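Novice: Heads up: the sequence lines are chains F and E, in that order. Residue numbers for the first sequence follow this note's numbering, beginning at 1 and rising by one. Residue numbers for the second sequence follow this note's numbering, beginning at 1001 and rising by one.
Number of protein chains: 2
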Amino acid sequence: MKQIRLIALTTLAVLFLALGAQAADPLPSWNDGPAKKAIVEFVQATTDKTSPKFVQPEERIATFDQDGTLWVEHPMYTQVVYCLEQVPALAAKKPELKNMEPFKTVLSGNREAMAKLSMEDFEKIIAATLTGMTVDEFNAEVKKWIETARHPRWNRLYTELVYQPMLEVMQYLRANGFKTYMVTGGGQDFVRVYSERVYGIPPEQVVGTMSGTRFGYDRNGRPMLTKEPRLLLNDTNAGKPEGIHLMIGRRPYAAFGNSPGDREMLEYTRAGDGSRLAVLVLHDDAEREYAYGPAQGLPDTEVGTFTQALYDEAMKNGWTVISMKNDWKTIFPPLGSAVHGVTP
Amino acid sequence: MKQIRLIALTTLAVLFLALGAQAADPLPSWNDGPAKKAIVEFVQATTDKTSPKFVQPEERIATFDQDGTLWVEHPMYTQVVYCLEQVPALAAKKPELKNMEPFKTVLSGNREAMAKLSMEDFEKIIAATLTGMTVDEFNAEVKKWIETARHPRWNRLYTELVYQPMLEVMQYLRANGFKTYMVTGGGQDFVRVYSERVYGIPPEQVVGTMSGTRFGYDRNGRPMLTKEPRLLLNDTNAGKPEGIHLMIGRRPYAAFGNSPGDREMLEYTRAGDGSRLAVLVLHDDAEREYAYGPAQGLPDTEVGTFTQALYDEAMKNGWTVISMKNDWKTIFPPLGSAVHGVTP
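1) Specify, as a first and last residue, the run of the alpha helix (DSSP H) that ASP312(F) falls within.
2) When burial is assigned at 16 or more other CB atoms within 10 Å of the CB, is TYR1345(E) buried or exposed?
3) Just verifying my parser: in three-state terms, what is the DSSP assignment at ALA113(F)?
4) Give me the chain F residues within the contact set of VAL1135(E), using Cβ-Cβ distance strictly less than 7 Å, ordered along the chain.
5) Residue ranges of each beta strand (DSSP E) run of no fewer than 3 residues wholly in the stretch 35–104 of chain F, ordered along the chain?
6) Since ILE1322(E) and ALA1035(E) should fall inside the 8 Å C-beta cutoff, what is the C-beta to C-beta distance between them, to a whole number of angstroms?
7) Pair every Cβ in the stretch 1184–1199 of chain E with every Cβ in the stretch 1207–1222 of chain E, then say whether three or more of these pairs are closer than 8 Å.
8) Please identify the residue among TYR1194(E), GLU1058(E), GLN1171(E), LEU1090(E) whose C-alpha is closest to the C-alpha of TYR1253(E).
9) Can you tell me where the alpha helix (DSSP H) holding TYR158(F) begins and where it ends?
10) Could you list the residues in the stretch 248–264 of chain F with a C-beta less than 7 Å from some C-beta on chain E, going in chain order?
11) Identify the contact partners of ALA1271(E) in chain F, using a Cβ-Cβ distance below 9 Å as the criterion.
12) For ILE331(F) and VAL279(F), I'd like the C-alpha separation in whole angstroms.
13) Cα separation between PHE122(F) and GLU264(F)?
14) Short check: CB of LEU117(F) to CB of VAL87(F), under 8 Å?
15) Roughly how many whole angstroms lie between the Cα atoms of ALA149(F) and LEU157(F)?
16) Straight-line CA distance for VAL40(F) to THR63(F)?
17) In angstroms, rounded to a whole number, what distance separates the CA positions of LYS1093(E) and THR1134(E)?
18) Going straight from the alpha carbon of TRP30(F) to that of LEU84(F), what length do you get?
19) Are TYR194(F) and VAL43(F) touching if we call contact CB-CB under 8 Å?
20) Evaluate contact between the stretch 231–240 of chain F and the stretch 1195–1203 of chain E, counting only Cβ atoms and requiring at least three cross-stretch pairs below 8 Å.
21) With burial defined as no fewer than 16 other Cβ atoms inside 10 Å of the residue's Cβ, what is the status of MET1315(E): buried or exposed?
22) List, from N- to C-terminal side, the beta strand (DSSP E) runs of 3 residues or more that fit wholly inside the stretch 1164–1223 of chain E.
23) Which whole-angstrom value is the C-beta distance of PRO333(F) and VAL80(F), which I expect to be below 8 Å?
24) Spatial neighbours of GLY336(F) within its chain, please: C-beta separation below 8 Å, excluding the five flanking residues on both sides.
25) For LEU1232(E), which residues in chain F fall below 8 Å Cβ to Cβ?
26) Specify the secondary structure class of ARG251(F) as computed by DSSP and reduced to three states.
27) Assuming ILE331(F) is part of the alpha helix (DSSP H), what are its boundary residues?
28) LYS1325(E) and ASP1262(E) look like a contact to me (Cβ under 8 Å); what is the Cβ gap, rounded to whole Å?
29) By alpha-carbon positions, which one of LEU1282(E), MET1114(E), GLY1200(E) ends up nearest to GLY1257(E)?
30) Apart from the five residues just before and just after LYS1098(E), which ones in its own chain have a Cβ nearer than 8 Å to its Cβ?
31) Using a Cβ-Cβ distance cut-off of 8 Å, determine whether PRO203(F) contacts chain E.
32) Note down the Cα distance separating MET224(F) from ALA1309(E), rounded to an integer number of angstroms.
33) Around the Cβ of THR180(F), are there at least 16 other Cβ atoms within 10 angstroms (buried) or fewer (exposed)?
34) Step through the CB atoms of chain F and report whether any lies within less than 8 Å of the CB of TYR1268(E).
35) Name the residue from THR1269(E), ASP1067(E), ASP1273(E) whose alpha carbon lies nearest to the alpha carbon of TRP1319(E).
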C-alpha cells in the first residue's frame, strides 16, 4: 500500500506541474522576437495531435552542437585547454617528451610559440593526452579537471559558462517529448563525463568525434577498455549527419548550431518531411560574451566563425538565426544554480 | 481543460496498471526454476531503494544479443538469407555479376556449391547487397523483405520466430526502468528497420556491426547518406564491449547472449560493481526449436554454437544459463499477436 500511496502522490504532483507548465513561459530568458517565436511555433506544431505537422513522440529528436551553441568557445575550445594542461603531468610520467616537439613548446608556456603550433602538432598533443589510458582512468581525469578549471575572462568554471537560454530550450523540448542529443566536434568520451550533470544529456545521447577502444584484460584478468588513437568518425561538417545516422538512426526534427561545421547537420535536418527547425546562434554580443561572424568582419579562419556564406544560406532557406544581443535577456545561469540541465 | 482531463485519466490508468503489475507474474511463459529466479531477484535487488544493490534509474542498462538469444538463428542468420535473396535483383541491375563469382554460384541455386563459399565470398555478397545505396533506399528494401520472408521449417515470418519468454524479460526490465539495447553482430542498419516494431527497441538503442556512410547531395541538391563498404566496428566478441562503450558509454547491469561471440560482453558486464546479471540461452530443445551446444556434442564451428568452454566459464563465474527445454513454457508468441515487443 505504501507504494500505491507514493504513486498516487506522484500523479497528483504531475497534475499540478502540468497545470503550472501551461501557465508559465517556457523560455523566460528569451526576449520576444522571431527566434523565440520560431521555436515555440515549432514545438506547438509538432506536438499538437490535430496539427498536420504532428510528430510521433518516438520520432522527436533534437540535436545540439556544443562549442559556441551551448557554451563559450573563445578564446579556445575547452577540450583543447584540457589537452594543453595535461601535458606537464604527461611529461612527468614520460620524461622523454620534455625535449620533444610539440610538447617542449607547450611546456615552455610561451603563448606566442604555442599560437604557431600546426594542426599536426595539435593532433600529437590530442593523441598523447586523450588515448593510451583505460576508459575509467580517462573519465576520472576529466571529471577532476572539469570540476575546477576556470575560464580566464570570467573566473567561472567552464561548466558555468553554458548559455541559460539554450538550457531552457533543451528543457522545453524534453518537456514536450523530444530526446535531446549533443552532436559535437569535441571528443565523445570527454563530453560524456559532464553532459548529464551540466545539460541533462545522458552519455548515450552524446554524439561526438569518436575514437576506437580496445577490449582486453588487466594483470588480474579483469576486463578493461583502453582508448586508442584510431579515429572512427570526425564529427564535424559531413561527419555530423553521418554521426547522427550512426548513433541515432533517425533524422532530427530540430538542430542547433553556430558555425560552418554545423552546416551539413542543419541541411540534413531541414531536408526531412514536415516541420523541421534549423537554428544558428549568432555571436554579436561583445559586451556580455563575444562578437564574431558576418557582422564583425572577422576572418573566416577564427575558431567557430559564423561566416557570411553560412548567414546567407540561413536567410535563403528559412533557418532561424538567434541574435545573442537581442534575443537573450541573460547569457549565463546565475552562479551557484544547482544542476543546470536537469529539472530538480 | 480538455488536456487536464486527459492527464487525470492517464494518471488513473497508470494507478490501475501499477496495481495490476504488482499482482501478475511478469514472466508468464517461464517455468519456476533457477533462471527465472535469478532474473526476478536481480530486478528486485537493483530497483528496491532500500537494497544495497539499488541502481539509479539512469544507470539501468540491459543488453541483448539477437541471433539465438532473441530469435531463431538456424539454419542461417536471417540477414544472410536476406543478402543471398537480394542477389538476383542485384544481378538484374548489374548483368556483369552473372558470370562473376561468388554471385554465379548463388544464382545457380546449387545448395551444395553455396555451402562451400568462403568467408571472403560472403564478404563480397554482403558488400554488394548492403552498401552502395542510400540509407532510405536500403531501409525500404529491408522493410519490404522482412514483412514477407518466411522461415522454411515453420513457414512463419522470421519476425514471428522471436522467443516469447525473452520478449517478456525485455518488457519486465523496461517496466522497471531499464533501457533495453540490442547488441548484435548483425548489421546495425538492418536490425534497426524492424527492432522497434518487433522488440520494442528503438533504432537509437540498436548496437550492431557498423559501416560508414557518406554525406552528399543528389542531382537536385538534396542531402543524402550513402552506405559505404567501410567497416567501423565488427560487433562481436571484443567488438561487443567496444560497441557498448561507443554507443552507450555506460557498462550494462544485465547482458543476455548465447554464444562465444557474447563472451566478452558478459565478462565486461559482470566486471562492474554491485549486482550484475549475465545470462546465456542454451539451445537444448530439438523438438520445439533446435538443440546445439555442449550437451549435443556439435562441432564448435556450427553457427552460434554454445561451446563447452563457454558453458564451463558460465558455471565457474555464476552466470545464469537458460535451458529452453526446461525453463520456457512456450517458445514463440501466438500467431497474429499484434505488436510483440511493445505493450499496446
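The C-beta atom is built at its ideal place from N, Cα and C for all residues, glycine as well. Just so we're clear, the structure is a prediction, and the values are computed from it rather than from any experiment.
Specialist: Reading from the atomic positions:
1) Counting from one through the first sequence, the residue named residue 312(F) turns up at place 312. That run of the alpha helix (DSSP H) goes 308–317.
2) Absent from the structure is residue 1345(E), since the part of chain E shown begins at 1001 and ends at 1344.
3) Stepping through the first sequence from its first residue, residue 113(F) is reached at position 113. Judged by DSSP in its simplified three-state form, ALA113(F) adopts helix.
4) Residue numbering aside, residue 1135(E) sits at position 135 when the second sequence is read from its first letter. In chain order: HIS245.
5) 61–64, all fully within the stretch 35–104 of chain F.
6) Sequence index remark: in the second sequence, residue 1322(E) carries index 322 (1-based). Sequence index remark: in the second sequence, residue 1035(E) carries index 35 (1-based). Between ILE1322(E) and ALA1035(E) the beta-carbon gap is near 5 Å, inside 8 Å, which marks them as a contact.
7) They touch, by the three-pair rule.
8) For the purposes of this step, residue 1253(E) is taken as residue 253 along the second sequence, with counting starting at 1. The shortest C-alpha separation from TYR1253(E) is found at GLU1058(E).
9) As a working mapping, residue 158(F) is identified with position 158 in the first sequence. Premise fails: TYR158(F) is in no alpha helix (DSSP H) and is neither H nor E.
10) Result list: ILE248, GLY249, ARG250, GLU264.
11) By one-based count along the second sequence, residue 1271(E) stands at place 271. Chain-ordered, the chain F residues with CB closer than 9 Å to the CB of ALA1271(E) read ARG222, PRO223, MET224.
12) For the purposes of this step, residue 331(F) is taken as residue 331 along the first sequence, with counting starting at 1. For the purposes of this step, residue 279(F) is taken as residue 279 along the first sequence, with counting starting at 1. Distance between the alpha carbons of ILE331(F) and VAL279(F) is about 17 Å.
13) Counting from 1 along the first sequence, the entry for residue 122(F) is found at position 122. Counting from 1 along the first sequence, the entry for residue 264(F) is found at position 264. So the alpha carbons of these two residues sit roughly 25 Å apart.
14) In the first sequence, residue 117(F) corresponds to position 117, counting from 1. In the first sequence, residue 87(F) corresponds to position 87, counting from 1. No, Cβ-Cβ distance for LEU117(F) and VAL87(F) is not below 8 Å.
15) Taking the first residue of the first sequence as position 1, residue 149(F) is located at position 149. Taking the first residue of the first sequence as position 1, residue 157(F) is located at position 157. Near 6 Å, if we compare the C-alpha coordinates of LEU157(F) and ALA149(F).
16) Residue mapping note: residue 40(F) aligns to position 40 of the first sequence, counting from 1. Residue mapping note: residue 63(F) aligns to position 63 of the first sequence, counting from 1. The alpha-carbon atoms of VAL40(F) and THR63(F) are separated by roughly 16 Å.
17) Within the second sequence, the letter at position 93 stands for residue 1093(E). Within the second sequence, the letter at position 134 stands for residue 1134(E). When rounded, the separation of the alpha-carbon atoms in LYS1093(E) and THR1134(E) is 16 Å.
18) Position 30 of the first sequence, counted from the start, is the residue given in the question as residue 30(F). Position 84 of the first sequence, counted from the start, is the residue given in the question as residue 84(F). Cα-Cα distance, rounded: 36 Å.
19) The count along the first sequence starts at 1 and reaches residue 194(F) at position 194. The count along the first sequence starts at 1 and reaches residue 43(F) at position 43. No.
20) Between the stretch 231–240 of chain F and the stretch 1195–1203 of chain E there are fewer than three inter-stretch CB-CB distances shorter than 8 Å, so the stretches are not counted as touching.
21) Stepping through the second sequence from its first residue, residue 1315(E) is reached at position 315. That one is exposed.
22) Here the runs fully enclosed are 1179–1187, 1206–1217.
23) As a working mapping, residue 333(F) is identified with position 333 in the first sequence. As a working mapping, residue 80(F) is identified with position 80 in the first sequence. With a Cβ gap of about 24 Å, PRO333(F) and VAL80(F) do not count as contacting.
24) Within the first sequence, numbered from 1, the residue matching residue 336(F) stands at position 336. Closer than 8 Å at the Cβ level, and outside the excluded window around GLY336(F), lies no residue.
25) Within the second sequence, residue 1232(E) is the residue found at index 232, counting from 1. Under the 8 Å cutoff, chain F gives LEU232, LEU233, LEU246.
26) The residue given as residue 251(F) occupies position 251 in the first sequence. DSSP places ARG251(F) in coil when its eight states are reduced to three.
27) Position 331 of the first sequence, counted from the start, is the residue given in the question as residue 331(F). Secondary structure note for ILE331(F): it is in no alpha helix (DSSP H), with a DSSP letter that is neither H nor E.
28) For the purposes of this step, residue 1325(E) is taken as the residue at position 325 of the second sequence. For the purposes of this step, residue 1262(E) is taken as the residue at position 262 of the second sequence. Going by Cβ atoms, the distance from LYS1325(E) to ASP1262(E) rounds to 20 Å, so no, they are not a contact pair.
29) Sequence index remark: in the second sequence, residue 1257(E) carries index 257 (1-based). Residue LEU1282(E) holds the alpha-carbon nearest to the alpha-carbon of GLY1257(E) among LEU1282(E), MET1114(E), GLY1200(E).
30) Within the second sequence, numbered from 1, the residue matching residue 1098(E) stands at position 98. So the qualifying residues of the chain are ALA1091, LYS1104, LEU1107.
31) Here the question's residue 203(F) lines up with position 203 in the first sequence. Chain E, which has a Cβ nearer than 8 Å to the Cβ of PRO203(F), makes this yes.
32) Here residue 224(F) refers to the residue found at position 224 of the first sequence. Here residue 1309(E) refers to the residue found at position 309 of the second sequence. The alpha-carbon of MET224(F) is positioned some 21 Å away from that of ALA1309(E).
33) The count along the first sequence starts at 1 and reaches residue 180(F) at position 180. Label assigned to THR180(F): buried.
34) Here residue 1268(E) is taken as the residue at index 268 of the second sequence, counted from 1. Yes, its Cβ sits closer than 8 Å to a Cβ of chain F.
35) Taking the first residue of the second sequence as position 1, residue 1319(E) is located at position 319. Ranking THR1269(E), ASP1067(E), ASP1273(E) by Cα distance to TRP1319(E) puts THR1269(E) first.
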